[in-house]
Every structure is written in structure tokens, then in C-alpha cells.
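Count along the sequence shown starting at 1, add 25, and that's the number in our numbering.
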Amino acid sequence: MRSLCESMLLLLLIAAVGVATAGVTPRSGLTSSYGHQAKIFIDQSSERYFRLYNQIASETYSANNEEDFEALFSKLTTVKRIADELVGISREASGFDLSKVKNKVYKAALEELRSVGDLFVLGEDYFSLVQMNLASLQKMSTDKDIEPYMGGAKMPNEDDSPLAYYPDIQKIVQRSSDVDELKYYWETWRDKNQIWASVNFYTIVQSYQKAANILEIPVHQLWYRYDSQEMIQQMEQAMSELMPAYKELHAFVRHELHKKYGSDVVNPDGPIPDHLFQQVLEQAWEEGSIIESYFPRQRLPQFDDFVQELSAKALVNESENFYTSLGFTPLSPDFHKNQLKEPNEDTPNDDCRPSLFDLTPRVLMMYCEKVSFRKLMQYHGHMARVYYAEQKRHLPSYHFKAYNLEYPVGEAVVLSASTPSHLTGRGLAKTAFTDEALMNRLFRMSIHTILNIPLYYVHTKVMHDLLNGTVDMDTVNKHYWQLLELHAGIEPPTDRAEGAIDFPYKFYVNIEQNYQTKKFISEILGYQFYRAFCQQASHSGPLHNCDFYGNFAVGNSLKAMMSLGSSKPWRQVIGKAIPQYTGLSSLALLEYYQPIVDWLNAHNKETKVKIGWNSTTKKIV
């Protein structure tokens, strides 16, 4: 199996190179003007970046088996050489006097090149501290170091083997209704990792602050890679729009949990205890969820049955088919032969996650052996990145980034590809969904989506406030719970002592890529794209069953947006797909879930539950 430290080594390298957007020190020589000299530097850097990344990715994907593949992650000397080159680019770009560069495009490119050194400017500290800290944070969720509840009495065959949070404890949460068991795992995992979380996480925060100081740029610019103040304001606006619907869903969830567990566990007017909130999220698509008495899971089809006769490769082909139906060119035979890595059939992994490297036009992708409906939808999302890279292949590296719009585009495609109308149209579902089944599906989706968005926002705010020094590690846990109570109506299951660090394991996943902010934007903007595409496809009927498969007008809008990369301001780029785009908004998402919001409004009035929440009575130091 892959050593996590080895895995992190290449992943961190790729993340750093991806931020770089360029590649190597320009050749010296006489130039006709200062601007011309800058252009030579920028052009050579772009070309070198593409060559560098293609070399790294090709070597990684040339492995013939799992063991060889993982061995490539340990080439520390290669990482250090590339790090030195990136730091050199930052230094040389900083040597240009921007006041002498009149061309706005060159000036913007040089400004980006100044920060390509990223955390590598920390020198040896990056390898001896930062890389190990990030690896340690990831290992907190995968190390099997948690003793099972009641000594394993509730485990199959009373197995008392230690558990990892992912996937072991996560799977327990998906099926357990034992409040004491859920509380045990919530507390034990945090207690076990308190010191590791505090030390390793704060080192990462300090590293970004130090690197930004060396690069002479604001720390939020280094962290977000775009105008952080504007984006935070956009996120706040989207949260404000979402809150009325969120509070209705929160009130329903709290009422159902109170009926199930009683006032000793759930205050009918207070925040929801976090261990039960996580249970609701994990059980959204399981039998026995809180909506079971209203919308039984058995009245929904088994979605995995739709793909049971397909191979893993057929799932990838089906996702490609969606994009070609929009007018995109089929992926080349070379892509399928040399850029699409097949899984290792000798060691199939049920917990495999597909991976994709898309920092140059030559995208490389690895898919999983497991066949499931979830994997099919993941591939539909991943293909957005493949086709996005193809459409912007003509751009230099400093415009190749695309404001992370690949992700919300993928979200929009998944929303279309998962509709009952698409599934029946493609012959995957053999019978049409009833109206009851449509509501059943929609309710479960709303739990997964609406309840998660405030969590992404809170996680973003925690990092934002730590980086700018608004809070420190002594006060961050209290700050975290204050934000969770304010924006999500969540409280800890028990009083929290001084020194506790209560972030969930998902907070640390891909933390160096600012994953939580990316998820927030992808969810909100993904529904905005989806509604715009459905309008272009002249869809009639409920938004939640719109399928824009096969619509060339949608494809043309996507191509127009994708081809711009980041060569234009982000609003102009998005405007190619969403006319009169003004910014992040939850209104499209709310239109999608309007039938659920209407149901909740009527149900909550009937049950006379409190909308909103009182302050927690838990003590948080």
C-alpha cells in the first residue's frame, strides 16, 4: 500500500507547480526594450512549465503496477530541484520593475510569477516541516488507532481491531443509531489527535504567513490565489440568501432527532449536537435516515443497479459521452491509450478515489476498479476538467488557470446526468420515477447539499481568520464553535476543555489546496451554471429534473467560457455561460430545491417547531 508520506510528496509538488503557472528563469541577452525582455521571460517560463509538468505526470503514470507507481513519490531530490527552479523564478520576476512594463498582460503575468515559489521559498523547512506536517494531518483520518466502541462488542464477529476514521468509523456512522456509540467515536478521535492536530496544523498556518512575508505579498493572496476580500463578500451574500431555507431544514432535522433521542440529548430549541448532525449527513442516502417515515429509502431504486452490467472503463466512456453530446470532440485514441490509467485489477480497492492531473493540456487520469453509481457521477465531474484543459490548450501557462471553474461546471453536469430523465433516457434506469420517488431523491439531495454548505463556509472563515491573526491557536477552537453556532446551529456533544481542537477530519483533507473554499464555490456556482444551461436548453418543468444532455447551445456556451481560461476577469469569463452574471448567489440552488422548501414550510408550521436556535448551554473554553 502507498505510504502516505510518499503520496503527499508528489501531491504537494503538483499543488505547488499548479500554483506556479510558469516555469524557468529566462535566458539573458540583449533586448530591444524592457517590455520585450519581460515578454521573453514570460514566454520561456510558460513553455518550460508545460514541459516540466508533463515530464512529472508522464513518469508517474508510466508505472506498471501499484508498487512502481508509489515508488515514484519518493524522489525527493527531484522535488528539491524543481523547488529551487520555482523559487528562482519568483526572485527573477521580482527583479522586474513593474512601473517600466507598460503592457497590462505582461505586468499581470509578472505579478503572478512573483509568487510561483509558493511555500518552497521556505527552503529546507518546507521539506523537513511543512511536507511532513501536511502528511501527518492526512494520516489522522487513516491511521487505525481508535479502539472500537465497547471493545468491539458491536463490530462484526466482535472484532476488537483498532479502527481508522476513514473509512471504518465513517461507515459505522452511516448505519448506527446508537447515540452513545456516535458520541464515543466523535470524542475519542478528537482526543486521540488533539496534540497532532494542534502542532501540525498551526505549523501550516505559520508557514503560509512566513512564505507570504518572504514573497512580499498579502497572506490571503497566497492562500486564495484571487481577490480574497471580494470572494468572502460573495460567499457571505450566498450564505445570507441560503439561511431561510437552511433554518427550515435545520428545524425539521432537530425536531426529528429530538423525537428519536429525547430532550436529554437534543434541545428542541437549541443547536444540534455535532455527532448527530454528522449522522444525518452520513445517513442521507441510507435506510433509517431521519426522513425514512416520510420518504422510505426502499421506494427509491438501488442506483448501483443502473450500472451493474457496466465495466469500470464503460463508466468513463459514459461520462465522456455526455460531453460529446454537447458538441465536444471525442477524446483521442492517444488519450484512452496513454493518458487514461487503468486500475490495478490485482488489488482492487473499494475506497479508491479517481485522480486527475490537469495543469497542462495533456491531462492524465486514473480511474478505479470499483463499479458504482457514485463512481459514474465522479467521472462526469472529472471529465469537466479534461475538456476544460482541451479547450484552453492554446493559452500560455499564466492564463491556463481558470478560477477553478472546472469544478462547478462538473457539478452542473453531475446534476444533469443524475436526473431521472437522463437515467431513463440513456437506458440506465428501466422505469420512470414516480412523483413520490422524485421528492424522495430531492429530499436526500437537499440534506447532503444544504446542510454542508455552511460547514464549508465556517471552515473557510476559520482559516481566513487564523491567517490574518484575528484568532490564534489558543482561541481558535472557541472561535470555531462560535462560527458553527452562528452560521449552522451546531454545538459540541459535550463541554470542550482548553486545548481541544475539534475540526472534523474533512477539514484537513487537501487543506493546502484550500479545498473547503473550493467546495463552497463549486456547490453554489454549480447550481447557477445548471440553471443557466437548462434555460439555454429551453427546459420546461421542474428544474430538478432538467437534463441538458445533447444540447449544442449549452456546449457552445461552455466552449466560449472554457477557451478564455483566466485571460479575462472572472466575471467576464463566467458571463460567457451565464448572461448578466453578477456574482455568487444561492437563488438557483433554492429554485432547484423549492419543492423541498415548500414541504418543510408546511410541515414545520404543522408541527409548530422553532425556526432558528437558542444559544448553546455547552461550556467551550
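Just so you know, even glycine gets a beta-carbon here, dropped at the ideal spot from N, CA and C.
Bear in mind that the values here come from a model prediction, so they are computed numbers and not experimental data.
Alpha carbons only, please: which of the options is nearest the one belonging to residue i?
i, options, result
"Leu-453", "Asp-460, Trp-310, Ser-443 and Glu-461", "Ser-443"
"Asp-623", "Gln-234, Asp-329, Lys-601 and Tyr-271", "Tyr-271"
"Glu-345", "Ser-422, Gly-295 and Arg-410", "Arg-410"
"Lys-285", "Ala-337, Lys-633 and Ser-202", "Ser-202"
"Ala-557", "Thr-542, Thr-459 and Tyr-617", "Tyr-617"
"Tyr-150", "Asp-383, Ala-263, Pro-517 and Gln-231", "The sequence given here places Asp at residue 150; Tyr does not occur at that position. For Asp-150, the nearest C-alpha among the options comes from Gln-231."
"Ser-161", "Tyr-555, Gly-435 and Ile-220", "Ile-220"
"His-300", "Asp-168, Val-534 and Gly-514", "Gly-514"
"Pro-604", "Cys-571, Gln-553, Glu-631 and Gly-566", "Gln-553"
"Leu-207", "Leu-135, Gln-308 and His-628", "Gln-308"
"Thr-642", "Asp-294, Thr-459 and Gln-69", "Asp-294"
"Glu-394", "Leu-381, Lys-366, Leu-480 and Gly-406", "Lys-366"
"Gln-482", "Met-260, Leu-247, Met-402 and Val-341", "Looking at the sequence itself, residue 482 is Tyr, so the reference to Gln does not match. Checking every option, the nearest Cα to that of Tyr-482 belongs to Met-260."
"Phe-532", "Asp-289, Ala-525, Thr-542 and Gly-524", "Thr-542"
"Asp-216", "Asp-170, Leu-492, Pro-567 and His-361", "Asp-170"
"His-283", "Met-256, Lys-362 and Ile-315", "Ile-315"
"Ser-265", "His-361, Pro-433, Asp-383 and Leu-609", "Leu-609"
"Gly-120", "Gln-258, Lys-105 and Glu-136", "Glu-136"
"Tyr-416", "Val-439, Arg-387 and Phe-398", "Before going on, a small fix: residue 416 reads as Gln here, not Tyr. Checked all of Val-439, Arg-387 and Phe-398; the closest Cα to Gln-416 is Arg-387."
"Glu-110", "Ser-140, Asp-122, Leu-123 and Ser-124", "Ser-140"
"Gln-333", "Gln-234, Gly-287, Lys-455 and His-484", "Lys-455"
"Tyr-174", "Pro-192, Asp-490, Thr-167 and Tyr-209", "Tyr-209"
"Trp-248", "Pro-479, Ile-536 and Ser-153", "Ile-536"
"Met-464", "Asn-158, Ile-621 and His-512", "Ile-621"
"Ala-437", "Thr-449, Asp-460, Gly-406 and Pro-187", "Gly-406"
"Gln-23", "Phe-360, Thr-459 and Val-439", "Within the shown structure, residues of the chain are numbered from 26 to 646, placing residue 23 beyond reach of any answer."
Is residue i helix, strand or coil by DSSP?
i, result
"Met-587", "helix"
"Ile-242", "coil"
"Glu-394", "coil"
"Pro-192", "helix"
"Arg-469", "helix"
"Arg-521", "strand"
"Ile-636", "coil"
"Ser-380", "strand"
"Ile-549", "helix"
"Ile-316", "coil"
"Ile-171", "strand"
"Asp-289", "coil"
"Tyr-559", "The question names Tyr, but residue 559 is Cys in the sequence shown. Looking at Cys-559 - three-state DSSP - the assignment turns out to be helix."
"Gln-308", "coil"
"Arg-451", "coil"
"Phe-577", "helix"
"Asn-342", "helix"
"Gly-177", "helix"
"Tyr-251", "coil"
"Met-498", "coil"
"Asn-128", "coil"
"Asp-203", "coil"
"Thr-542", "helix"
"His-419", "coil"
"Thr-607", "coil"
Please decide whether residue i counts as near chain B, where near means a Cβ-Cβ distance under 8 Å.
i, result
"Ser-443", "Although the question refers to chain B, the structure presented lacks it and comprises just one protein chain."
Between residue i and the rest of its own chain, which residues show a CB-CB distance below 6 Å, the 5 nearest in sequence each way excluded?
i, result
"Thr-56", "With a pLDDT of only 43 at Thr-56, under the threshold of 50, the placement of this residue in the model should not be trusted, and no figure is reported."
"Tyr-412", "Tyr-348 and Phe-353"
"Ile-645", "Lys-503, Trp-506 and Arg-521"
"Gly-54", "Confidence is the limiting factor: at Gly-54 the pLDDT is only 39, short of 50, which leaves the residue's position unreliable, though a coordinate-based value still follows. Excluding positions up to five away in sequence, the list is empty."
"Leu-401", "Val-332 and Leu-340"
On the DSSP bridge assignment, give the partners of residue i in chain order.
i, result
"Phe-328", "DSSP, once it has assigned bridges, lists no residue as partnering Phe-328."
"Glu-516", "Pro-298"
"Leu-365", "Met-390"
"Ile-645", "Arg-521"
Ordered along the chain, which non-local residues of its own chain (more than five positions away) have a Cβ less than 7 Å from that of residue i?
i, result
"Thr-50", "Because the pLDDT at Thr-50 is just 36, under 50, the model does not fix this residue reliably, and the value given afterwards should be weighed accordingly. Closer than 7 Å at the Cβ level, and outside the excluded window around Thr-50, lie Gly-113, Ile-114 and Glu-117."
"Gly-60", "Val-126, Lys-127, Asn-128 and Tyr-131"
"Leu-274", "Ser-471, Ile-475, Leu-476 and Leu-625"
"His-447", "Ser-441, Asp-572 and Tyr-574"
"Gly-350", "It is Ser, not Gly, that sits at residue 350 in the sequence shown. For Ser-350, where only same-chain residues beyond five positions count, the Cβ hits under 7 Å are Tyr-574 and Gly-575."
"Pro-326", "Ala-454"
"Glu-172", "Pro-187"
Excluding the 5 residues flanking residue i on each side, which residues of the same chain have their C-beta closer than 8 Å to its C-beta?
i, result
"Leu-306", "Ile-472, His-473, Leu-476 and Asn-477"
"Ser-336", "Val-396"
"Gln-258", "none"
Original post:
Should the region 575-595 be called in touch with the region 421-439, which here means at least 3 C-beta pairs below 8 Å?
Top reply: yes
**OP:** Examine the Cβ distances between the region 538-550 and the region 314-332 and report whether three or more of them are shorter than 8 Å.
**Re:** no
Subject >> Contact the region 63-76 vs the region 417-426: 3+ CB pairs below 8 Å >> reply: Yes, they touch.
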